[in-house]
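Sequential numbering from 3 applies to the first sequence in the working numbering.
Idealized CB from N, CA, C, for every residue including glycine.
Each remark here refers to the structure printed beneath this line.
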Amino acid sequence: MVENTFLDIYTALFEHYGPQNWWPAETPVEMIVGAVLTQNTNWRNVRKALANLKAANLLDIESLDVLSHEKLAEYIRPAGYYNLKAKRLKNLIRMIVDDYHGDLQRLFDEELDCCRSKLLQVNGIGEETADSILLYGAGRPVFVVDTYTHRVFSRHNLLEEECSYADIQERFMDNLPADAALYNEYHALIVRVAKEYCKKTDPCCRSCPLNRFYEE
DNA sequence: CACCAGGCAAGTA
DNA sequence: TACTTGCATGGT
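Spelled out as structure tokens, the structure:
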């Protein structure tokens, strides 16, 4: 039996919380829109914005492409940064329309590195958003790193504080099988445990299910 | 009242 | 290259 803290932590989290059923979206378009809207924003607020778009029957590439910036911004207002995010969504939709005939699946069908760089070329799509879309939209085995991942693992001395996004992603992917279902659940579980036990200011408390993995 | 939330890009030195 | 700042609503 080979020691693997990263896999052991996954197992502990899954046993503690069970499946998280991510990504919470009914369609691929809803998923990618949610990925942009949730940037530095509480998911509760994103749900309101998505509900507005859904109620207006606008959650498809064509409708979002035709919609004016002003109207889009108004629909997504509850998600915050609404002018900025309206632009970012428009940039993403434009790429899909111009380069893939408005067919999101054609983007997802691209080779992995190609798909990732296409997403990163869009102004407003950074590494985390791109990787979220790859994993939760396209079902690719790409590990998603977010502030919670960094905070939880550095606070337990399992990652250096100054690790970059790529450093952290590499550490996870080098220590886990390339399995999209595993990456999906793991990222969602990290978000779950961080929300409960690893807030920005509070120190991790004794009942945190990860405390037995703390490394001196 | 202050603080935070499933980031990112532009500006500054 | 390495910091800093703007973007914004809504819940605790």
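| field | Pair within 9 Å by beta-carbon distance, phenylalanine 145 and methionine 175 | value | Methionine 175 sits close to phenylalanine 145, with the two beta carbons spaced by under 9 Å.
| query | For alanine 51 versus leucine 39, is the C-beta spacing smaller than 9 Å? | reply | A distance below 9 Å separates the beta carbons of alanine 51 and leucine 39.
| message | Need the endpoints of the alpha helix (DSSP H) that arginine 108 sits in, please. | response | Here the alpha helix (DSSP H) through arginine 108 covers 106-110.
| query | Which whole-angstrom value describes the C-beta separation of leucine 212 and isoleucine 11, a residue pair presumed to lie in contact below a C-beta threshold of 8 Å? | reply | Rounded, the Cβ-Cβ distance is 6 Å, consistent with contact.
| Cα-Cα separation between glutamate 76 and aspartate 148, rounded to whole angstroms | Glutamate 76 and aspartate 148: Cα-Cα distance of roughly 27 Å.
| query | Can you give the Cα-Cα distance for tyrosine 84 and isoleucine 78, rounded to whole angstroms? | reply | So the alpha carbons of these two residues sit roughly 6 Å apart.
| Inter-residue spacing [alpha-carbon to alpha-carbon] between glutamate 198 and aspartate 204 | Spanning the two alpha carbons is a distance of roughly 11 Å.
| request: Taking glutamate 28 as the reference, give the member of Pro21, Gly36, Gln22 with the closest Cα. | output: Measuring C-alpha to C-alpha distances from glutamate 28 to each of Pro21, Gly36, Gln22 identifies Gly36 as the nearest.
| query | Apart from the five residues just before and just after isoleucine 95, which ones in its own chain have a Cβ nearer than 7 Å to its Cβ? | reply | Ile63, Leu66, Asp67.
| query | Assuming valine 48 and alanine 81 make a contact with CB atoms under 8 Å, what is their CB distance in whole Å? | reply | In this structure valine 48 touches alanine 81 by the C-beta definition: roughly 5 Å separates them, less than 8 Å.
| Among Leu9, Asp101, Gly141, His71, which one has its Cα closest to the Cα of tryptophan 24? | For tryptophan 24, the nearest C-alpha among the options comes from Gly141.
| message | Suppose you measure from the CA of lysine 92 to the CA of glutamate 218; what does that come to, to the nearest Å? | response | Between lysine 92 and glutamate 218, the C-alpha separation is close to 47 Å.
| Other residues of its chain near asparagine 54: CB distance less than 6 Å, five sequence neighbours each side excluded | Excluding five sequence positions before and after asparagine 54, the CB atoms of its chain that fall closer than 6 Å to its own CB belong to Tyr77, given in chain order.
| said: Can you look up aspartate 294 in the DSSP assignment and give me helix, strand or coil? | reply: Absent from the model: residue 294. The displayed extent of the chain is 3 to 218, so no value can be given.
| task | Consult DSSP for glycine 36 and reduce its assignment to one of helix, strand or coil. | result | Glycine 36: helix per DSSP, three-state reduction.
| query | Near lysine 120, which residues of its chain fall below 8 Å by C-beta distance, leaving aside the five closest residues on each side in sequence? | reply | So the list reads Met97, Asp101, Leu109, Glu112, once near-sequence residues are dropped.
| query | Of the choices Leu191, Cys207, Cys116, whose alpha-carbon is the least far from that of threonine 13? | reply | Of all alpha-carbon atoms in Leu191, Cys207, Cys116, the one lying nearest the alpha-carbon of threonine 13 is that of Leu191.
| Going by C-alpha distance, which of Asn177, Leu178, His152 is nearest serine 166? | Each of Asn177, Leu178, His152 was checked against the Cα of serine 166, and the nearest Cα belongs to His152.
| request: Give a yes or no on whether the C-beta atoms belonging to aspartate 169 and leucine 160 are separated by under 9 Å. | output: One thing to note: aspartate 169 has its Cβ no nearer than 9 Å to the Cβ of leucine 160.
| query | What three-state label does DSSP hand valine 124 in the structure shown? | reply | Coil, per DSSP.
| task | Could you check the C-alpha separation between tyrosine 150 and isoleucine 127 for me, to the nearest Å? | result | Using only the alpha carbons, I get a separation of about 19 Å.
| Which two residues bound the contiguous alpha helix (DSSP H) that contains aspartate 204? | Counting along the chain, aspartate 204 falls outside any alpha helix (DSSP H), and DSSP gives it neither H nor E.
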